[in-house]
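Numbering (our numbering), first residue to last: 14 to 157.
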């Protein structure tokens with residue numbers, strides 16, 4: 014049976030983890046040379062406009078979409094590719110243009126080796142379908 018942490022233990026561990034992550038990052042930034050800082054200047058990579066996803070099927074009422082949660086490589090910093098976990102392996106993920114008055118059903122397929130939880134932006138969805146920690150999509154499985 015898994016050990017249950019108290020609220021105090023969770024807060025203490027979170028604070029320690031945050032401090033541990035912040036200190037090396039600050040130390041690393043102060044040691045960056047002027048040349049490296051120029052290469053890492055903000056807003057050098059244009060914002061990528063995500064593609065519009067097309068329905069895989071349309072019925073009398075709903076439009077059906079199929080989205081893969083998978084690994085991908087994207088250019089977040091100029092000339093450097095970063096491995097990400099994203100929708101269709103992209104960041105930002107694709108856009109779904111919903112039609113007012115039509116239901117939308119999105120099948121989210123997890124192609125990662127770990128469980129995934131999906132949070133929807135701009136959708137009217139019940140809490141049980143919108144990023145609840147218990148609503149995991151296991152590797153190799155899907156959720157509509």
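C-beta atoms are modelled at their ideal positions from N, C-alpha and C, and glycine is treated no differently.
Assigned exposure category for residue i - 16 Cβ within 10 Å defines buried
{"i": "residue 129", "result": "buried"}
{"i": "residue 119", "result": "buried"}
{"i": "residue 40", "result": "For residue 40, the predicted structure reports a pLDDT of 45, less than 50, and the residue's modelled location is therefore unreliable. The matter cannot be settled from this model."}
{"i": "residue 65", "result": "exposed"}
{"i": "residue 137", "result": "exposed"}
{"i": "residue 58", "result": "exposed"}
{"i": "residue 131", "result": "buried"}
Cβ shell of residue i (< 7 Å), same chain only, five flanking positions each side left out
{"i": "residue 85", "result": "97, 99, 102, 103"}
{"i": "residue 146", "result": "130"}
{"i": "residue 141", "result": "148"}
8 Å contact criterion, which residue i and residue j should meet: CB distance rounded
{"i": "residue 117", "j": "residue 76", "result": "5 Å"}
{"i": "residue 95", "j": "residue 87", "result": "6 Å"}
Under 9 Å between C-beta atoms of residue i and residue j
{"i": "residue 125", "j": "residue 82", "result": "yes"}
{"i": "residue 91", "j": "residue 63", "result": "no"}
{"i": "residue 154", "j": "residue 122", "result": "yes"}
Sequence-distant residues of the same chain with beta carbon closer than 6 Å to residue i, five excluded per side
{"i": "residue 79", "result": "69, 120"}
{"i": "residue 144", "result": "130, 132"}
{"i": "residue 111", "result": "117"}
{"i": "residue 105", "result": "63"}
{"i": "residue 114", "result": "none"}
{"i": "residue 89", "result": "95"}
{"i": "residue 44", "result": "Reliability of the predicted coordinates at residue 44 is poor, the pLDDT of 49 falling under 50, and the value obtained from them is presented with this limitation in mind. Result list for residue 44: empty, nothing under 6 Å."}
Review point. Can you list the alpha helix (DSSP H) stretches of 4 or more residues lying completely in the stretch 44 to 129, in chain order?
Key: The alpha helix (DSSP H) runs lying completely inside the stretch 44 to 129 and spanning 4 residues or more are 47 to 52, given in chain order.
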